[in-house]
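Here the structure is laid out as structure tokens; the discussion comes afterwards.
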Amino acid sequence: MAEARLYLPRAAAEGRRVACPDALGALVAEVAEIVGDPAVGEQEIVRALGRGLLAAAAAARLPDLAAEARLPFGPGQEQAALPADLQHGPVDAFLLPGRGRIRMLSNPAALRRAARLPGRGPARLAAAGGGRLHVWPVPRAAVEVAVSYFRLPDPLAGWADKPACLPPHLAGRLLVSFACREVFERLEEGADGRKSQTTAYGARWQAALDELVGLCGPATLQDAPVDVPLCTGEDWS
Numbered sequence: 095m096a097e098a099r100l101y102l103p104r105a106a107a108e109g110r111r112v113a114c115p116d117a118l119g120a121l122v123a124e125v126a127e128i129v130g131d132p133a134v135g136e137q138e139i140v141r142a143l144g145r146g147l148l149a150a151a152a153a154a155r156l157p158d159l160a161a162e163a164r165l166p167f168g169p170g171q172e173q174a175a176l177p178a179d180l181q182h183g184p185v186d187a188f189l190l191p192g193r194g195r196i197r198m199l200s201n202p203a204a205l206r207r208a209a210r211l212p213g214r215g216p217a218r219l220a221a222a223g224g225g226r227l228h229v230w231p232v233p234r235a236a237v238e239v240a241v242s243y244f245r246l247p248d249p250l251a252g253w254a255d256k257p258a259c260l261p262p263h264l265a266g267r268l269l270v271s272f273a274c275r276e277v278f279e280r281l282e283e284g285a286d287g288r289k290s291q292t293t294a295y296g297a298r299w300q301a302a303l304d305e306l307v308g309l310c311g312p313a314t315l316q317d318a319p320v321d322v323p324l325c326t327g328e329d330w331s
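Residue numbers (this note's numbering): 95 to 331.
As structure tokens, this is what we get:
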């Protein structure tokens, strides 16, 4: 691996594996050393590490990725675009400025079923779908809805970049095992069905992911029951 052979001494010389064990440079060096195949270049490993970061962030409610955004709704506007950096959620919605709770339903179909009931007043129900937040009842005046959600992680672009959203004791295990699984899956393709390295690193990835989910909670939680008045005219704002 021409690229990796050039890079590995550079990583050791700069102390990346010691001073910044979870930085991108150190992670690439570790995966390259494990794989040990000249056909695998740095960029393939970087892409695999990036996919691992996205997969880990998509599976758990990482506190560092919790975010909130304000969505403006005009009179008669039933839906608004969700934040571009949303990874999963929204998990909560509130009508501003009073932060009256809006109950989040599982999908727009559930919202359409609820909308068959008579209702008036401010928005009390919402559902996400197609990158947009749908609310009901439809606002009669301009309002803002605050949504809490989990955003996409910052990409690993430079050698010194670290997956800061992941717990330090799990970051290396998660990303290295994911990247090794992906690389070995390609290398072991056609090996008479024997994918021992793919299986081994897949198991390590799953074990580390289970630990992450146990620590931070799963990305999808069952909706908590919330009593929301459907047929009142009270103003929550």
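The beta-carbon is built from N, C-alpha and C at its ideal position, and this holds for glycine as well.
Simplified DSSP assignment, three categories, for residue i
i: E138; result: helix
i: E276; result: helix
i: L165; result: strand
i: P262; result: helix
i: A251; result: coil
i: P257; result: coil
i: P312; result: strand
i: A117; result: coil
i: A133; result: coil
From the options, residue whose alpha carbon lies closest to that of residue i
i: P257; options: R226, D286 and A151; result: A151
i: V125; options: E283, A208, R275 and A302; result: R275
i: N201; options: L189, P184 and G168; result: P184
i: V237; options: A187, G266 and Q291; result: A187
i: V134; options: R280, S271 and R145; result: R280
Straight-line Cα distance separating residue j from residue i
i: A251; j: G119; result: 10 Å
i: D179; j: D158; result: 14 Å
i: E162; j: W253; result: 30 Å
i: G311; j: E138; result: 30 Å
i: V239; j: L246; result: 21 Å
i: H182; j: A153; result: 9 Å
i: W230; j: W299; result: 41 Å
i: V307; j: T292; result: 22 Å
i: G168; j: V232; result: 9 Å
i: P262; j: G284; result: 36 Å
i: E127; j: G146; result: 18 Å
Distance cut-off 7 Å: residue i Cβ against heavy atoms of the ligand PLP
i: A133; result: You won't find the ligand PLP in this model; it holds no ligand whatsoever.
Just list the beta strand (DSSP E) runs in the segment 169-244, keeping only unbroken ones of 3 residues or longer that don't cross its boundaries, in chain order. 173-175, 180-190, 194-199, 219-223 and 226-230
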